[in-house]
Amino acid sequence: MKRFAGLLVLLTAVAYGVIFFVFRTEEQPPDVLSINEAVRIVLPEDAAVYETVTLLSEHLTQTFSDMDEARRSRDRTLRVALYIFTGVFMLAGLGLCLYLERAFFVPFRRMKGFARRIAAGDLDIPLTMDGKNLFGAFTESFDIMRDRLRTARENEYAANQSKKELVASLSHDIKTPVASIMSAMDIMRVKAKDERERHTAEVITAKLEQIDALVTNMFHAALEELHALKVSPRELQSTEIALFCKNSDYEGRIGSLAIPDCIVSADPLRLQQVFDNIIRNSYKHADTGITVESRINGQMLMIDIIDYGEGVPEEELPLLANKYYRGKNAGQTEGYGLGLYLSKYFMEQMGGGLTCVNRAGGFSVALELRLA
191 MKRFAGLLVL LTAVAYGVIF FVFRTEEQPP DVLSINEAVR IVLPEDAAVY
241 ETVTLLSEHL TQTFSDMDEA RRSRDRTLRV ALYIFTGVFM LAGLGLCLYL
291 ERAFFVPFRR MKGFARRIAA GDLDIPLTMD GKNLFGAFTE SFDIMRDRLR
341 TARENEYAAN QSKKELVASL SHDIKTPVAS IMSAMDIMRV KAKDERERHT
391 AEVITAKLEQ IDALVTNMFH AALEELHALK VSPRELQSTE IALFCKNSDY
441 EGRIGSLAIP DCIVSADPLR LQQVFDNIIR NSYKHADTGI TVESRINGQM
491 LMIDIIDYGE GVPEEELPLL ANKYYRGKNA GQTEGYGLGL YLSKYFMEQM
541 GGGLTCVNRA GGFSVALELR LA
């Protein structure tokens with residue numbers, strides 16, 4: 191609309207220029223006095239004829255002068271009329287632009303912004319109702335739609351929460367009888383009378399362990415979605431971080447480990463889980479030695495856990511910490527895509543962060559812990 195108004199003003203200015211140019215360059219009438227003087231020169235020197243021609247010449251001169259004055263007056267009137275008409279046309283056009291802007295485009299942009307907020311999931315801000323514009327009849331219907339969508343989303347959220355609570359509850363309840371059965375199988379294996387009974391007990395125990403692992407993963411995932419995985423940071427000595435690394439490295443693959451003396455803000459339980467997840471991933475996907483490097487950078491303790499595998503494609507790096515995401519190189523390796531997701535969640539809740547980086551000759555997970 192602003193472009194249209196600008197074009198209208200430009201056309202009006204051009205029209206004014208054309209009118210001025212046309213009237214300014216209009217051909218002027220002949221010089222009557224010069225013509226009369228030329229006629230007198232060529233006439234015979236007859237007094238009567240000369241007097242008659244002189245009177246006629248004066249009459250013609252006055253007549254032409256009156257006609258020229260009348261033409262000039264007409265031109266002035268016509269020029270003023272054209273200027274006024276062009277000005278009125280421009281003002282009418284600008285008035286129409288202003289009316290359309292207020293009555294059509296402003297409400298349309300408001301509804302467009304409302305639709306964009308709805309698409310983005312913002313259902314809390316109502317659409318202002320205005321019956322004066324062209325869209326007034328639709329405003330109430332759009333706001334009813336917003337209210338219905340918000341109600342539907344709340345109902346869906348409540349249903350999902352109920353489902354997650356049920357999954358978490360069932361997962362927790364299942365672990366108790368599984369643990370009891372595993373204890374009974376341990377006794378049966380000890381008291382087995384022959385090799386066949388012992389083998390059967392071992393197979394059942396292995397399957398029970400698999401069931402327990404699956405139920406544990408399902409329980410942790412349900413709790414995480416319910417925001418029940420509490421993180422309680424406290425002051426922690428850096429010597430404990432080194433101990434966490436060693437506890438996670440049950441195969442003894444960490445060849446270099448040095449943590450600067452400092453105190454960080456961290457939850458010991460969650461930080462141990464972070465190291466467990468990262469080092470277990472390195473075992474599964476890289477199957478190489480591991481180096482742990484650390485340094486203090488400002489108010490953060492930076493810890494790099496480095497392996498020497500093939501790494502991951504660059505386009506997958508931002509996705510590795512997404513829930514349930516598994517890289518293309520995971521193949522048939524066991525996993526659910528939750529380890530790095532939970533680790534990043536824990537680190538952020540402790541005021542730090544987690545980043546995956548490809549390095550020359552390997553792959554690194556960088557941890558950030560805030561100094562206390």
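My numbering puts the first residue of the sequence shown at 191, with every later residue one more than the last. Even glycine gets a Cβ: it sits at the ideal position worked out from N, Cα and C.
- About 16 Å separates the Cβ atoms of residue 562 and residue 484, ruling out a contact at the 8 Å cut-off.
- Check the Cα spacing between residue 332 and each of 451, 302, 391: the tightest is with 302.
- Taken through DSSP and simplified to helix, strand or coil, residue 315 comes out as coil.
- For residue 300, the enclosing alpha helix (DSSP H) begins and ends at 296-309.
- With distances taken between CA atoms, residue 370 lies nearest to 398 out of 398, 334, 428, 447.
- Annotated three-state conformation of residue 467 is helix, per DSSP.
- In its chain, beyond the 5 residues on either side, 388, 391 have a beta carbon closer than 7 Å to the beta carbon of residue 382.
- Out of 346, 527, 547, 470, the CA that lies nearest to the CA of residue 493 is found in 547.
- With contacts defined as CB atoms closer than 9 Å, residue 559 and residue 537 qualify as a contacting pair.
- Where residue 487 is concerned, the enclosing beta strand (DSSP E) starts and stops at 480-487.
- Where residue 455 is concerned, the enclosing beta strand (DSSP E) starts and stops at 453-456.
- The continuous beta strand (DSSP E) containing residue 548 extends over residues 543-549.
- With contacts defined as CB atoms closer than 9 Å, residue 426 and residue 461 qualify as a contacting pair.
- Residue environment analysis places residue 376 among the exposed positions, since fewer than 16 neighbouring C-beta atoms fall within 10 angstroms of its C-beta.
- Counting along the chain, residue 431 sits inside the alpha helix (DSSP H) bounded by residues 428-438.
- In the DSSP assignment, residue 540 falls outside any beta strand (DSSP E) and carries neither an H nor an E.
- Beta-bridge analysis with DSSP links residue 493 to 484, 557.
- Going by beta carbons, residue 316 and residue 336 fall inside the 9 Å limit.
- By a beta-carbon distance limit of 8 Å, residue 532 contacts residue 467. Their separation comes to about 7 Å.
- For the pair residue 553 and residue 501, the CB atoms are nearer than the 9 Å cut-off.
- When secondary structure is reduced to three states using DSSP, residue 444 falls in the strand class.
- A direct Cα-to-Cα measurement between residue 308 and residue 296 gives close to 18 Å.
- Under DSSP, the beta-bridge partners assigned to residue 552 are 549.
- The beta carbon of residue 277 sits closer than 6 Å to none of the beta carbons in its chain outside the five residues before and after it.
- The beta carbon of residue 421 is closer than 7 Å to those of 457, 460, 536, 539, 540 in its chain, skipping five residues each way along the sequence.
- Under DSSP, residue 424 shares a beta bridge with 456.
- By the beta-carbon neighbour count (other beta carbons within 10 angstroms, threshold 16), residue 436 is exposed.
- With respect to the 9 Å criterion, residue 555 and residue 486 are not classified as neighbours on the basis of their beta carbons.
- Counting other Cβ atoms within 10 Å of its Cβ, residue 282 stays below 16 and is therefore classed as exposed.
- Secondary structure of residue 449 (DSSP, three-state): coil.
- CA-to-CA, the gap between residue 345 and residue 338 works out to about 11 Å.
- Here residue 527 carries a coil assignment [DSSP, helix/strand/coil].
- Taking C-alpha positions only, residue 444 is separated from residue 472 by approximately 11 Å.
- Between the alpha carbons of residue 528 and residue 357 lies a gap of roughly 17 Å.
- At a Cβ-Cβ threshold of 9 Å, residue 405 and residue 447 do not count as neighbours.
- In terms of Cβ geometry, residue 476 and residue 440 do not form a close pair [threshold 9 Å].
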